[in-house]
Every structure is written in C-alpha cells, then in structure tokens.
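Some notes on the structure that comes next.
Protein chains in written order, with this note's numbering: chain G, 1 to 394; chain H, 1 to 135.
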C-alpha cells in the first residue's frame, strides 16, 4: 500500500469528522492516529473502501479520546446521537482545509507545519525531521497552530455557510500558494522529500480549484523539480544553471510544466507564479545555456517587477539584463539597487567577471562568499573567487 | 524560519552590567538563575522555537593531527585564550527581530542581588541549505 495514497485521503477524512461535530484539533489528532494504523494494518489486510475505513477508525479514535476526557462528556453525548453524514463533495473539503491551514493569523512556520500534517498527512516526527527541530518543538508548533485556527472555523455550521465561492477569492488562494511555495523552496533534505510533497499538495489543490495562479505555481515547481538531478554534483556542491548537464533534466516534467503553464497563461489572468514559471520554462526550452532567450526573460522580469515590486526580482532582472544586453548594462541595472540585498555582491562579482575586470570580480566573489546565507552557496562562491584568482596569476 | 545560535561566553564577551562572578552569588541567586534558564527553554519549546541547549565545561584541550601513524598532539588549556564559550541555545524563529528579542530575554537572567545580569550574548545565524528556486 502506497503511503502517499493513504495520505492523499487525509483532507477528506478530516473534514468528514469535522462535519460530524468533532472540533478541528481533536479530529486532526484522530485522523493522524488512523493514518498510523492504516500504515500498520493495510499491507496485510487492505480494505475495500480505503476512505470508509479511515473515517470509521478515525471516528472511533475521536470518540475514545473524547470519552477519556471527562470535561467533554457532554459533547460526546451530542456527537454520538448525530447521524453519520452522507458523502460530501471532496473538492470543497480539500479547499477548506488548505485555507484553514494557511490562515493569515498563523505564522508562516505554523502554517507550513499544519498544512503538512492536516492536509499532507505527515507525522509530527517526519515534519520535525524535515525541518531539523526536535519532535517536541514541532508538536508544540502544530498544536499552537491548531488552537489558533480552531477560533477561526470549520465548525459544521460555519463550514456550511462557507460553501460555494468562499475560496475562489484571490487573496485566500494567495496565502495557500505562499505556504506551498515555502514548503517547496525549503532546501533541507531528509527522509521526507519536501519538494515532492509540495508538488503532491499543489496537484491536489489544482484538482480542487480552477485558478491560473495555482496552475502557475504547479508549473513552476515541476519546471524546477525537473532540474533537480542536474543541480548538485556527486560531491553535493551546487551546479549553477549555466553549467548544468541539460541531458539530465527531466523532459517529462518539463513538458508537463510547460503544458500547464500555457493553459494558465491562455486565460489572461497573469500572476507572479505564472511569470516565474514562464522564466523557468524559457530556461528549460534552451538546448544550451548560450541559446537562452535572455531578451524574453528580461521581459518576464519586467512583468514580475510590475506584479511584485520585489527587490529580489530586480536583482535577478539585473543578471538577465547582463546576459541580454551585456555586462555593462547589467551593472547599470544593479547600480540602481540597494547593495545590502542578499546576493547583490555575488551578482556584481559575476557581472564584473563577464566585463573582464577580474581583479574586482575576485575581490567581490570572496566578499560574497563571506556573506552567503548557506553553505553550498558559500563554497560555490569561494571556488569562484579561487578560479578567478588563478586566472589573474597566470 | 531561520535557526540562530545564542552563544554564552565565560570569557571574551564585553562586560555585563551586573558583572559579579557566579561564585560570589548566594546559593538562592544561583538557583534562581538556573530556574530562569530552564523556564526560558521550556517556554521556547511551547512556542515551537526551541532546538537545542547545551552547557560546556570551562576547561578543554587543544588537539591536532601530528602526522601518519602518530597519536594526535594535545595541548592546553591556555590561560591566555581570549574567547571561552560557556554554552549555547539554538532557536528556530520566524525572523531576525524575534531572535534578537529572545536573546534579550535570555540576557535578563537574574544574577547577583536577584537583578538581571544584562550579559552580552552572541547571536549567530546558521548557514542553511540552499533554496530550490533562485532565479
């Protein structure tokens, strides 16, 4: 039995419990217990109706937990009288959970943890390992998150009043996408493949809601995931885009990403994720680094700047300008930006090297290495400095 | 989220405001100090921000490789070592501002006379894994 398949049932099972009257926090715990049991029992004894099995077991776990809690006795009587609810529209359930777990009242860290558990069905231990914190810390982060969102909703009455259009407001979708983007972009690698998990959750979301930015984010993830094998050398060091072995890019993922992106763009509701995916698609489309269509990439960065006005986007745009119009033009674009921006020095080093000013490049590479926010980047920049210094002393 | 190391020094940090050596505190003051540190860690665990906390013995050895087939050389401790780490706490927080806030709270641990030590703590960000999306 595929663990990811079991976990894909998490949102709909959880919502069934909530609609039967269980509060979100208790229902979420019960579903976790049921998932653990499923992983244990199903390989030898697979159920005919997987979702039905999970609902039954989770509901029993919920009742057991409720019974054990004397203070909740009154509510237990109420929920036990309640008839089992009929089938509920799965897409709507899933959406509600995504929204709840990405609720703006949560910190980004809590939203990420809660989404991975309540929507993704990962255990607290798996999430803790993925984010390199103790299990007890992650458990607290999740239960605080659950307390926060318990105040905002998913009681049966409110869930009902929400049905129909509540979730297609762009603002709501944007918070969910932000959380999924954070999960995907997390560089840690452990037993849990966070990038693959983010893709699974975004696919599930895309199936539940027809929204061009959801499609845009999914395309962005697929296009970046396609390069994963080429992105690191066997020794774990970073391989920059221009030096990657493009034969190792996953052409199936690229084709899927491009197709999803084109369908989204055709709807003429551009957003930042579609624009980012378009840039990734242009890189994917180039047979060699030299054949990259930098002019078009600059145009997409202009769109992105218009959409987000993010300094990081402007920095990346300066790199693209340097490739499209020459290093001098890139340096001119860079000069308009705050030099305290992360990676500003690294970009300056690269552009000076392209411009032939090796002494400045070597000095800036070393300075950029000193400021690098992560180990792989620091090592990469140190090697760049060493490489240019070697060229200088020849 | 970002991880930070809060470093506590036996020696090498700028002088604290309430700068009385611990062996001159009363036993109750020492207990109160230890209690504060434990409570602080417990509170961070509850907020989902605690990663690790450890204390180090003040005296250690310097060790280095001494060539193929030879045992490592040990030396020290050296009285002149300027920087001596006493212990650390690792936190995982949403922002740099939050890290500074927590370091400030830890520095308020009570010392002599039950008053905050105002001890200087060193705050160092962890180097992380690289993000997936960079361009």
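Beta carbons: idealized from backbone N, C-alpha and C, even for Gly.
| Terminal residues of the alpha helix (DSSP H) in which residue 92 of chain H lies | According to the DSSP assignment, residue 92 of chain H belongs to no alpha helix (DSSP H) but to the beta strand (DSSP E) extending over 84-93.
| said: So if DSSP puts residue 122 of chain H in a beta bridge, which residue, or which two residues, is it bridged to? | reply: According to the DSSP secondary-structure assignment, residue 122 of chain H is paired through a beta bridge with H:7.
| Where do the N-terminal and C-terminal ends of the beta strand (DSSP E) with residue 50 of chain H fall, by residue? | For residue 50 of chain H, the uninterrupted beta strand (DSSP E) run begins and ends at 50-55, by DSSP.
| message | Beta carbons nearer than 9 Å to chain G: which residues of the segment 38-52 of chain H have them? | response | Those would be 44, 45, 46, 47, 48, 49, 50, 51 and 52, in chain order.
| Residues near residue 173 of chain G in its chain [Cβ-Cβ closer than 6 Å; skip 5 each side] | 211
| Does any C-beta atom of chain H lie closer than 8 Å to the C-beta of residue 184 of chain G? | yes
| message | Using a Cβ-Cβ cutoff of 9 Å, what residues of the segment 73-86 of chain H are near chain G? List them in chain order. | response | In summary, no residue of the segment 73-86 of chain H has a CB separated from any CB of chain G by less than 9 Å.
| field | Residues near residue 311 of chain G by beta carbon distance below 6 Å, same chain, minus five either side | value | 341
| By the criterion of Cβ-Cβ separation under 7 Å, what are the contact partners of residue 130 of chain H in chain G? | 187, 238, 374, 376 and 377
| query | Is the CB-CB distance between residue 282 of chain G and residue 268 of chain G below 8 Å? | reply | Against a cut-off of 8 Å, the Cβ pair of residue 268 of chain G and residue 282 of chain G comes out as no contact.
| Cβ of residue 133 of chain G less than 8 Å from any chain H Cβ? | yes
| field | Close-in-space but distant-in-sequence residues of the same chain around residue 355 of chain G (CB under 6 Å, 5 per side omitted) | value | For residue 355 of chain G, where only same-chain residues beyond five positions count, the Cβ hits under 6 Å are 327.
| query | Any Cβ of chain H within less than 8 Å of the Cβ of residue 381 of chain G? | reply | no
| field | Ordered list of alpha helix (DSSP H) runs contained in the segment 203-239 of chain G, each at least 4 residues | value | 212-225 and 228-231
| Contact list for the segment 100-118 of chain G against chain H, Cβ threshold 9 Å | Listed by position, the residues of the segment 100-118 of chain G near chain H (Cβ gap below 9 Å) are 107, 108, 109, 110, 112 and 113.
| task | Determine the direct distance from the alpha carbon of residue 112 of chain G to that of residue 216 of chain G, and round the result to whole angstroms. | result | 20 Å
| message | When you compare the segment 64-78 of chain H with the segment 39-53 of chain H, are there three or more beta-carbon pairs, one atom per stretch, that lie closer than 8 Å? | response | no
| query | So the alpha helix (DSSP H) residue 383 of chain G belongs to, where does it begin and stop? | reply | Segment 375-393, the alpha helix (DSSP H) holding residue 383 of chain G.
| field | Contact check, residue 62 of chain G vs residue 38 of chain G, beta carbons under 8 Å | value | no
| task | Measure the alpha-carbon distance for residue 75 of chain H versus residue 84 of chain H and round it to whole angstroms. | result | 16 Å
| Buried versus exposed, by CB contacts within 10 Å (16 or more), residue 393 of chain G | With fewer than 16 other Cβ atoms within 10 Å, it is exposed.
| query | Which bits of chain H does residue 195 of chain G rub up against, with CB to CB less than 7 Å? | reply | 132
| Within 10 angstroms of its Cβ, does residue 240 of chain G collect 16 or more other Cβ (buried), or is it exposed? | exposed
| Residues bridged to residue 63 of chain H (per DSSP) | H:74
| task | Work out the CA separation of residue 142 of chain G and residue 384 of chain G for me, nearest whole Å. | result | 42 Å
| task | Using a Cβ cut-off of 8 Å (strictly closer), state whether residue 127 of chain H contacts chain G. | result | Under the Cβ criterion of 8 Å, residue 127 of chain H is counted among the residues facing chain G.
| Taking Cβ-Cβ distances below 7 Å as the criterion, which residues of the segment 35-69 of chain G are in contact with chain H? | Near chain H, meaning a CB-to-CB distance below 7 Å, no residue of the segment 35-69 of chain G qualifies.
| message | Once the 5 residues before and after residue 16 of chain G are set aside, which same chain residues still bring their CB inside 6 Å of it? | response | 55
| residue 274 of chain G and residue 191 of chain G: beta carbons closer than 8 Å? | no
| task | Identify, in the order they occur along the chain, each residue of the same chain with its Cβ nearer than 6 Å to the Cβ of residue 122 of chain H, setting aside the five sequence neighbours on each side. | result | 7
| message | Just checking residue 255 of chain G against the ligand SAM - is the residue's beta carbon closer than 7 Å to any of the ligand's heavy atoms? | response | Only the bare structure without any ligand can be found here, which leaves the ligand SAM out of the picture.
| query | From residue 219 of chain G to residue 295 of chain G, what does the alpha carbon distance come to, in whole angstroms? | reply | 21 Å
| task | Report buried or exposed for residue 1 of chain H, applying the criterion of at least 16 other Cβ atoms within 10 angstroms of its Cβ. | result | buried
| query | From residue 94 of chain H to residue 135 of chain G, what distance separates their C-alpha atoms? | reply | Taking the straight line joining both Cα atoms gives about 18 Å.
| Pair within 8 Å by beta-carbon distance, residue 95 of chain G and residue 22 of chain G | no
| query | Is there at least one Cβ from chain G nearer than 8 Å to residue 97 of chain H's Cβ? | reply | Not flagged as an interface residue toward chain G: residue 97 of chain H, since no C-beta distance is shorter than 8 Å.
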